[in-house]
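Counting in the numbering used here, the sequence shown runs from 441 upward without gaps. All C-beta atoms in this analysis are idealised placements derived from N, C-alpha and C, irrespective of residue type, glycine included.
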Amino acid sequence: MEVSKDNLSTILDVNDLEDGVQHVNNPIVGLEPIVKKYLGAVKDYRQEGNSFFFSDGNAQVEVRVVSDEIIRVRLAPQGVFLEEFSYALSHNEQKITVFTCVENEQNYSVQTNTVACVINKNNFLISFEDINGRIINQDLSAMHWEENIDFGGFYVYATKKCNDDENFFGLGDKSSDFNLRGNRYLNWNTDAYSFGKGQDPLYRTIPFYMGINNGVSYGIFFDNTFKSHFDFACQDNDKVSFWADGGEMQYYYIHGPHMMDVLKRYHTLTGTHQMPAKWTLGFHQCRWSYYPEKKVKDIARNFRERNIPCDAIYLDIDYMDGYRCFTWNRKHFPDPARMIKELASDGFKTVVIIDPGIRVDENYSVFREGKQNNFFCRRCDDYFMEGHVWPGRCQFPDFTNPKVRVWWGGLFKELVDAGVAGVWNDMNEPAVFGSGTFPVDVRHNYDGYHGSHRKAHNIYGMQMVRSTYEGLKKLQKNKRPFTITRAGYSGVQRYATVWTGDNVASWEHLKIGIVQCQRLSVSGISFCGTDIGGFSGEPDGELFTRWIQMGVFSPCMRAHSAGDTAEREPWSFGQEYEDINRKFIELRYRLLPYIYSAFWEHYKHNFPILRPLVMLEQENILTHSIQDIFTFGDKILVAPVSDPGARTKNVYLPPGKWYDYWTHDSYSGGQEHEVSAAIDSMPIFVKAGSVIPESPLMQYVGEYEVDELIFQIYYSDYEVNSFYYEDHDDTFAFEQNIYLEKKYVVNGDQRSMTINQTIEGLFTPRYETYDLKIIGLPFAPSKVLIDGREFTDNLEFDDLKRLRIKSSKSFKRIEILA
Ligand code: MIG
């Protein structure tokens, strides 16, 4: 709302007062009331490098060309920009080729060879257009702001036009329906125990969304750590707006036209997950809490005796001495190093929890060190920030201080020496009993840019897990660290896996989890998962089993439960369910080479792990509201069953040809199919032409050295590429090119099928041969040529209609002929 000049004309201006009169006690008469102010007409512009500065005489707007497809817009209400600093950015260099600023009577247009940012001279409205002049995204009103009397700075606002059929995706871990349209959201990291559907805010702040406007996708990343708000055509049907309680209006427009392009470009700004150690992709068993040692050992023994694969066991807060971080309860764990070693010799990694609250206790070295070095957060009047969490009265390290991060990282030395393989970062919203979180007057170092908790709240958790990650990376030498965090901000993926917090053992929550994992994945956080089974409450066997099935296709597969619930292991619901749970956890392990390869594609090439249907077929508006079907990597499509008693499921398959994973029957895409989903099954489809690497069954990653690799190869009558990646599984040797990236090209017609293999990289695996299982051949093969030589074994189909071929691992071309 603007104040009209008329209202002001009767008000005296301080500057007009005669000398002397200015001593009047409180000349507020001359000050304009505080109202929202909007950018006015553009008066001039100047260029500095790849930035263009536009001014309306008072405020300034910077339009910066970040890359050919990314443009950043910043606003300085009084003409002075804040210093450049962002925790979100990964500082990867962007590639810019050509850009210019073109001026005509109406507009300025900052252009690259793919996108233009057009600024209307009269009203400062900004729009983004493609090179054909098609408007993808445009302001409805000019950027605006309101001065903040209490804290200084401004509330900052941007308002965009929203078309009738425009839909929105992203924003992290929100628990509402997948399409964000029609809702308003708040970002303020919150410990949301047993959150409900649509409850907001939750644990994380990911101020990034993608829109699809007339079939064309674009992204907006509002890099602002203050409390932020997004309204997607909720207040007004034709309007999307986002604003924050402080900081700068600073956003990146990210060009498409495909959602996949937008997301990959978002990753070029904020980074990807690191390449995970392979064991972290196995099954994780967690609970609040397994103790004493005997209990932990019992759980481990049960996995091995029952032949249920598992790679990780977690210790929740009770392993500590009075919940003091970096200590052990010696009554329950008299010799942690020995226990961890014994678990390791049985193939289990031990992951322990750490909280940010440090008990105020002069006899506790971590507290003493923190206090001596002035590492704990303080209130505005210099009191320490104190609050109650599990250890009792606590103080909290300021993880936004680089020195504190180094100190904290080093504190893991004893745990790492004892053999701990991963660290779980909890309560880092930060959570405080009673008050919920810190008061906003808490001060933070903010890497030298200083700020109150208003500015640092949403990145506190990310900086905690960053410090954990960086500490582990130093301490574990050449091993890839594993960290899992509850809170985070955009870019947290560079430091941690994420779980969705304290969910509930209900069918509704299984559905929410399916949405949350996809949403995290399209928000830059591919390595994510839910507490399988639901944290609070009691699942029955059916719900638990359906959740395990969904968990096979969650990037992080971890079962977890609250302390006041009944036993919750894969065998806790009777033999029938135990067998099904085993079958599915085994499936996860068979698919590990495929999953690992998908993570490489994420790490190296910015592809997400989970891909919702809308990402595969954005031009088909029907996919905008499908939220329970997605692909895992780019080849396997799944439709987790999330209704009690359901034994069939309607599955829409995107265009192309698909194979049922279980029966190998083929299906046509572009339509919906009713698929059987007995309790011991679930709908899984593989894209025609795929080459899916599989591992022989193991009880844990690296149980034994593979002497033959398995590939399931699906016939297709059009050309399809697949990738397979392998390396040392848990070291950083891949950074020296010690890995193999294999590429497969499959093609076929009515009388032949060809498979080509090319190999790059320097890793030498031990196995020599492949067991190739060819699925879906539309003809009876009479001849198979491997690099021109005839393969003379039996060419009959096996009982699953597959042709089996043994080949050398270095084949270049296989031809199968009718
Ligand atoms: O106040 O450490 O979300 O996974 O088991 C509860 C105990 C603290 C919350 C985490 C949950 C964990 C629990 N923690």
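Requested in this report: Could you give the DSSP three-state label for R770: helix, strand or coil?
Outcome: DSSP places R770 in coil when its eight states are reduced to three.
Query raised in the report: Could you give the C-beta distance for F766 and V806, rounded to a whole number, given that I count them as a contact under 8 angstroms?
Result: Rounded, the Cβ-Cβ distance is 6 angstroms, consistent with contact.
Query raised in the report: Under three-state DSSP, which class holds S1162?
Result: If DSSP states are grouped into helix, strand and coil, S1162 belongs with the strands.
Requested in this report: Taking the CB atoms as reference points, tell me whether S994 and G974 lie closer together than 9 angstroms.
Outcome: Taking 9 angstroms as the Cβ cut-off, S994 and G974 do not qualify as a contacting pair.
Query raised in the report: Under 8 angstroms from any heavy atom of the ligand MIG, does the C-beta of F766 make it?
Result: Within the chosen limit of 8 angstroms, the ligand MIG does not reach the beta carbon of F766 with any heavy atom.
Requested in this report: Return yes when the C-beta of F987 is under 8 angstroms from any heavy atom of the ligand MIG, and no when it is not.
Outcome: The residue asked about is misnamed: residue 987 is Trp in this sequence, not Phe. No, since every heavy atom of the ligand MIG falls outside the 8 angstroms radius drawn around the Cβ of W987.
Query raised in the report: Got a sec? Which residues, its chain only, sit under 6 angstroms from E1114 by beta carbon, not counting five neighbours each side?
Result: The residues are T1088 and N1090.
Query raised in the report: Under three-state DSSP, which class holds S1156?
Result: Coil.
Query raised in the report: Just to confirm, does W942 get its C-beta within under 8 angstroms of one of the non-hydrogen atoms of the ligand MIG?
Result: At residue 942 the sequence reads Asp, which differs from the Trp that was named. Yes, Cβ of D942 sits closer than 8 angstroms to a heavy atom of the ligand MIG.
Query - DSSP three-state assignment for M650, whether helix, strand or coil - result: Correct three-state label for M650: strand.
Query - Nearest-angstrom Cβ-Cβ length linking R764 and P716, presumed shorter than 8 angstroms - result: Rounded to whole angstroms, the Cβ separation of R764 and P716 is 30 angstroms, and the two are not in contact under 8 angstroms.
Requested in this report: Could you tell me the boundaries of the alpha helix (DSSP H) in which Y1036 lies?
Outcome: For Y1036, the enclosing alpha helix (DSSP H) stretches over residues L1032 to H1045.
Requested in this report: Output the distance between the C-alpha atoms of L783 and G953, rounded to the nearest integer angstrom.
Outcome: Straight-line Cα distance between these residues: approximately 31 angstroms.
Query raised in the report: If P1094 sits next to G1109, beta carbons under 8 angstroms apart, how far is it from one beta carbon to the other, in whole angstroms?
Result: Contact flag correct, Cβ pair sits at about 5 angstroms.
Query raised in the report: Can you name, in chain order, every residue of its own chain whose Cβ lies under 6 angstroms from the Cβ of K1241, other than the five neighbours on each side?
Result: Once the five neighbours on either side are set aside, the close Cβ partners of K1241 are H1104.
Query - Buried/exposed call for F648, threshold 16 Cβ in 10 Å - result: Residue environment: F648 is assigned as buried (16 or more neighbouring CB atoms within 10 Å of its CB, all protein chains considered).
Query - the region 1227-1246 / the region 1201-1217 touching (three or more Cβ pairs under 8 angstroms) - result: Cβ pair count under 8 angstroms is three or more, so yes.
Report task. Taking all protein chains shown into account, decide if V461 is buried (16 or more other Cβ within 10 angstroms of its Cβ) or exposed. Result -> Residue placement at V461 cannot be trusted, given a pLDDT of 49 that sits under 50; what the coordinates show is reported in the next sentence. Counting the other CB atoms within 10 Å of its CB gives V461 a total below 16, which places it among the exposed residues.
Query raised in the report: Quick one: does the C-beta of W728 sit closer than 8 angstroms to a heavy atom of the ligand MIG?
Result: At a cut-off of 8 angstroms, the beta-carbon of W728 counts as near the ligand MIG: some heavy atom of the ligand is closer than that.
Query raised in the report: With R959 and G638 assumed to form a contact (beta carbons below 8 angstroms), what rounded beta-carbon distance in angstroms separates them?
Result: Approximately 13 angstroms separates the beta-carbon atoms of R959 and G638; this is outside 8 angstroms, ruling out the contact.
Report task. Report back the beta-carbon spacing between F839 and W848 to the nearest angstrom; my notes put them in contact at under 8 angstroms. Result -> F839 to W848, Cβ: 7 angstroms. Contact.
Query raised in the report: Pairing CB atoms from the region 584-595 with CB atoms from the region 611-628, are three or more of them under 8 angstroms?
Result: Because the criterion of three Cβ pairs below 8 angstroms is not met, the region 584-595 and the region 611-628 do not touch.
Query - Under the three-state DSSP convention, the category A999 falls into - result: Taken through DSSP and simplified to helix, strand or coil, A999 comes out as strand.
Report task. Alpha carbon to alpha carbon, how far is N563 from D508? Give it in angstroms, no decimals. Result -> Going by the C-alpha atoms only, they are around 26 angstroms apart.
Query raised in the report: CB-CB under 6 angstroms to E1145, same chain, minus the five flanking residues each way: which ones, in chain order?
Result: Around E1145: R1206.
Requested in this report: Return the chain-ordered list of same chain residues with a C-beta closer than 8 angstroms to the C-beta of G687, the five sequence neighbours on each side being excluded.
Outcome: The beta carbon of G687 sits closer than 8 angstroms to those of L522, G593, V596, N664, T665, F666 and K895, all from its chain and outside the five residues before and after it, given in chain order.
Query raised in the report: Could you give the residue range of the alpha helix (DSSP H) that holds N742?
Result: First-last of the alpha helix (DSSP H) with N742: E733 to E745.
Requested in this report: Mind listing, in chain order, the continuous alpha helix (DSSP H) runs of no fewer than 4 residues lying wholly within the region 751-795?
Outcome: Within the region 751-795, the alpha helix (DSSP H) runs of at least 4 residues that lie entirely inside it are, in chain order, 776-785.
Query - Spatial neighbours of H949 in its chain, beta-carbon cut-off 7 angstroms, leaving aside the 5 residues before and after - result: Listed in chain order, the non-local C-beta contacts of H949 below 7 angstroms within the same chain comprise N943 and G974, local neighbours out to five positions each way being set aside.
Query raised in the report: Less than 9 angstroms separating the beta-carbons of R819 and D756?
Result: Cβ distance not < 9 angstroms, so R819 and D756 don't count as in contact.
Query raised in the report: Can at least three beta-carbon pairs, one atom from the region 716-732 and one from the region 746-755, be found at a separation below 8 angstroms?
Result: Yes, they touch.
Report task. Report yes or no: do the region 1133-1141 and the region 1018-1029 share at least 3 C-beta pairs separated by less than 8 angstroms? Result -> Note that the region 1133-1141 touches the region 1018-1029; at least 3 beta-carbon pairs, one per stretch, sit closer than 8 angstroms.
**Report entry** Other residues of its chain near F525: CB distance less than 6 angstroms, five sequence neighbours each side excluded
**Finding:** The answer, listed in chain order, is Y889.
Requested in this report: Measure the Cβ-Cβ separation of N898 and N627 and say whether it is below 9 angstroms.
Outcome: Yes, Cβ-Cβ distance for N898 and N627 is below 9 angstroms.
Query raised in the report: For I589, which three-state DSSP category applies?
Result: It is coil, neither helix nor strand.
Query raised in the report: In this structure, does DSSP put L703 in helix, strand or coil?
Result: Helix.
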